[in-house]
Amino acid sequence: GKTGGEFPVALICPQKPRIMELGKELGLQGDFAALCKESKVQERVTKECQAVCKEKKLVAFEIPKKFALISDMWTPENDMLTAAMKLKRPAIAQKHKAELDSLYA
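Here you go:
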């Protein structure tokens, strides 16, 4: 999310086979990128992620309220991760500003 945001949000790079399987289960068509933007897929992923957060006993303010599915994987090659596989948060926030803004809209 963004510093000072009203609530936590999450950007998720989902596993392609699982999203394709979920799309088929929901009767949806499209490629991976299209399914990541599909509202029914996003709703299901949000529900499942929030359930896991509650199961792991996160308190309410720690649980993301909204999620965005990102079809581009984050790698050191595209400068979203360091060589040690750590997130480059400023680069991610800049690249996905539109998604973050829509989560807070």
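Quick note on numbering: the sequence shown equals residues 1 to 105 in the numbering used here.
The C-beta atom is built at its ideal place from N, Cα and C for all residues, glycine as well.
Bear in mind that the values here come from a model prediction, so they are computed numbers and not experimental data.
Taken atom to atom, the span from the alpha-carbon of A34 to that of R18 is near 14 Å. DSSP, read as helix, strand or coil, puts F67 in strand. The Cβ neighbour count for M85, taken over all protein chains shown within 10 Å, is under 16; the residue is labelled exposed.
Per the C-alpha coordinates, the member of F7, E6 and I12 positioned closest to W74 is I12. In the DSSP assignment, V52 falls within the alpha helix (DSSP H) that extends over S39 to E55.
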